[in-house]
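Asker:
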Amino acid sequence: MHGRVKVRTTEEERERKKKEQALKVRAYRAAMGRIQKKRAAGELDNELLTLTVQILQRNPDVSTLWNIRRECVLEKLSKLKEEQEQVPQQEKEEEPTAEEPLGENPKVKEPLAEDMAHSIFTCELDLTEQCLMVNPKSYNAWHHRCWTLEQNPQADWQRELQLCNKYLKFDERNFHTWDYRRYVTGKAAVPAAQELDFCTEKIKVNFSNYSSWHHRSLLLPELYPNERRDRPMSEEKLQQELEMVLTAAFTDPNDSSAWFYQRWLLGSGAQLDRAPRIAAFRLESCGAVLALDKPYPDLEQLKTELVGGGQRVLLQSWLPVDSCGTSWKCQQAFDYQRGTAYSLKLSDQEVDLLPLPGNEEGVFYFAPPHAAASCSKELLAELNTQLQSCLDLLEYEPNSKWTLLTSALLMRAIDVSANHEKSLEHLVKLEKVDALREGYYKDLAARWILESELAKWPQAEEFPRIFALKNDELLASLPYGQYFVIVDELKLSTKLTEKLGDLVPKTFADLKLQKGF
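Taking my numbering, the leading residue of the sequence shown gets 1283, the next gets one more, and so forth.
(1) Do residue 1665 and residue 1692 have their beta-carbon atoms positioned less than 8 Å apart in this structure?
(2) Based on the DSSP output, what are the partners of residue 1610 in its beta bridges?
(3) In this structure, does DSSP put residue 1742 in helix, strand or coil?
(4) May I ask you to report which of helix, strand or coil DSSP gives residue 1663?
(5) Need the endpoints of the alpha helix (DSSP H) that residue 1453 sits in, please.
(6) Quick check on DSSP: helix, strand or coil for residue 1433?
(7) Take the Cβ of residue 1342 as the centre, count every other Cβ of all protein chains shown within 10 Å, and call the residue buried at 16 or more, exposed below.
(8) Considering only residues of the same chain and omitting the five flanking positions on each side of residue 1791, which have a CB-CB separation below 6 Å?
(9) Excluding sequence positions up to five away, which residues of its chain have a Cβ less than 6 Å from the Cβ of residue 1294?
(10) If you follow the alpha helix (DSSP H) that residue 1332 is in, where does it begin and where does it stop?
(11) Look at the alpha carbon of residue 1425 and the alpha carbon of residue 1446, and state the distance between them as a whole number of angstroms.
(12) Any idea what DSSP makes of residue 1622, helix, strand or coil?
(13) Can you tell me whether residue 1796 is buried or exposed? The criterion is at least 16 other CB atoms within 10 Å of its CB, across all chains shown.
(14) Look at residue 1709 and residue 1535 and say whether their C-beta atoms are less than 8 Å apart.
(15) From residue 1620 to residue 1614, what distance separates their C-alpha atoms?
(16) Given a cut-off of 8 Å on the beta-carbon distance, is the pair residue 1409 and residue 1333 in contact?
(17) Give me the Cα-Cα distance between residue 1716 and residue 1683, rounded to the nearest whole angstrom.
(18) Anyone know if the C-beta pair for residue 1603 and residue 1788 falls short of 8 Å?
(19) Is residue 1322 helix, strand or coil when you go by DSSP?
(20) Could you spell out the range, first to last residue, of the beta strand (DSSP E) harbouring residue 1471?
(21) Have a look at residue 1746 and residue 1564 and give me their C-alpha separation to the nearest angstrom.
(22) Please work out which residues of its chain come closer than 6 Å, Cβ to Cβ, to residue 1386, disregarding the five sequence neighbours upstream and downstream, and give them in chain order.
(23) Would you report the Cα separation of residue 1794 and residue 1543, rounded to the nearest angstrom?
(24) Give me whichever residues DSSP pairs with residue 1637 in a beta bridge.
(25) Quick check: residue 1748 and residue 1649, are their CB atoms within less than 8 Å of each other?
(26) I think residue 1724 touches residue 1690, with their Cβ atoms under 8 Å apart; what is that distance to the nearest whole Å?
(27) Alpha carbon to alpha carbon, how far is residue 1780 from residue 1567?
(28) For residue 1771, which beta-bridge partners are listed by DSSP?
(29) Looking only at its chain, what residues have a beta carbon closer than 8 Å to the beta carbon of residue 1653, apart from the 5 residues adjacent to it on each side?
(30) Who are the Cβ neighbours of residue 1458 in its own chain at under 6 Å, not counting the five residues just before and after it?
(31) For residue 1788, does the three-state DSSP call read helix, strand or coil?
(32) Just the C-alpha distance for residue 1301 and residue 1320, rounded to the nearest angstrom, thanks.
(33) Decide if the stretch 1356 to 1368 is in contact with the stretch 1434 to 1454; the criterion is three or more beta carbon pairs, one per stretch, under 8 Å apart.
(34) From residue 1656 to residue 1516, what does the alpha carbon distance come to, in whole angstroms?
(35) Do you know offhand how far residue 1611's Cα is from residue 1622's?
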């Protein structure tokens, strides 16, 4: 029996782990109790720092301990500053003479305050590195490292860049490291072109690197801007990106990384930080309603002016109609003059208003949501090539969800009207192929249907008083609800009305019935 390792039974192993866990909990509570006691007493000293290290090296996700360390660091820096101010200016500035070689001046006994502060920061950075080896996705450790570098005027950003490279070798898809890299490259003033090359190399190593694709999407609009802003980047570069991503997508059709990036390439280039645009507007003597193409928290921050008849009227006291901030109403009375040409100015956008049809007193404006952007012949040829490649792949893998969705998006990028029905057929098939995301495909179909109906609405005889949605049985929702704020009557099927319930969009007639409008 000698020399043989005893194999514990399952029950014995469970009991051993239970005892180990109890000892760890006891030690943790004792350490935390000691830490909290010292903190309450204001003892922000080295012992307190040592106690926090013992826990953080095992569990770097205890936010309280990082906060305590920051308090200790600030306390140390404050004391260093006070000590430095107490040293006579002449002693601080005295340098070794020619007879006294550097480093042998007896009056220079203590390291400079800057060096001592730098050693404090170095200690914190070393600790975060140790913690990140335990958990490379620790939010708290990454945050503390950023905080430490911000406090250190001698921060070595090039070293941090090398650290990012090191961690990305361990896990090339760690989005924490990529996020930290964006922070570091900004501080180190790394050229965007150099970062783009870095992304390209990472993608070549592994196509399934979502973080690298995302990082790339942030760099390209900066390096290759599109002045019209209807695409995420210049068309020439967009064509090159489409060619590259198609290779990645077809290498592994079941991997989502490249397909997500391709969807971004096919999307609109509208910037999230731009001001909202006017989607619809209606004005009568009793008040006005305004619909925006994107949510905005407070319309009062945007200057809304009505221009006409030689006067400019500032529309004020806007109140939200919906909860998301896309529809607004104004109860300000206005003296409308028939036959006068009016325009509406919102921020840097100005649109011409049309008189309401018939004998109605008032003006309106309507701009349907753009389903797709125009493109050059070269880009259109590339889109058709990619669509054909997707259709060829579907012959071999008819249930490939990413190929089905991408082909539908390509159809709409090429010609929305001509491919409307075919793209909807792909979504219907996706509801069965990818049943877990059935709701997403239904909502996407609803958006596409409404985009088509709203684009045709200005040609309707009863525009803009009535909006009638025919064959809406397939709709699971009613997106673009803000566009209906200018209508008098919204005709929906009973089934859809019951399905929407309180989510039925408000109309101009509904608002007029409300008190005060």
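Built from N, CA and C at the ideal position, the CB exists for glycine as well. Since the model is a prediction, treat every value here as computed from it, not as a measurement.
Answerer: From the atom records:
(1) yes
(2) 1572 and 1602
(3) coil
(4) helix
(5) Looking at the DSSP string, residue 1453 is not in any alpha helix (DSSP H), and its letter there is neither H nor E.
(6) helix
(7) buried
(8) 1770
(9) none
(10) 1328 to 1338
(11) 14 Å
(12) coil
(13) exposed
(14) no
(15) 18 Å
(16) no
(17) 7 Å
(18) yes
(19) helix
(20) Per DSSP, residue 1471 belongs to no beta strand (DSSP E) and is neither H nor E.
(21) 10 Å
(22) Note on residue 1386: pLDDT 46, under 50, position unreliable in the model; the coordinate value appears next. Excluding positions up to five away in sequence, the list is empty.
(23) 46 Å
(24) 1645
(25) no
(26) At roughly 14 Å, the Cβ-Cβ gap does not stay under 8 Å, so residue 1724 and residue 1690 are not in contact.
(27) 33 Å
(28) 1748
(29) 1694, 1698, 1730, 1733, 1734 and 1737
(30) 1419 and 1424
(31) coil
(32) 29 Å
(33) no
(34) 13 Å
(35) 23 Å
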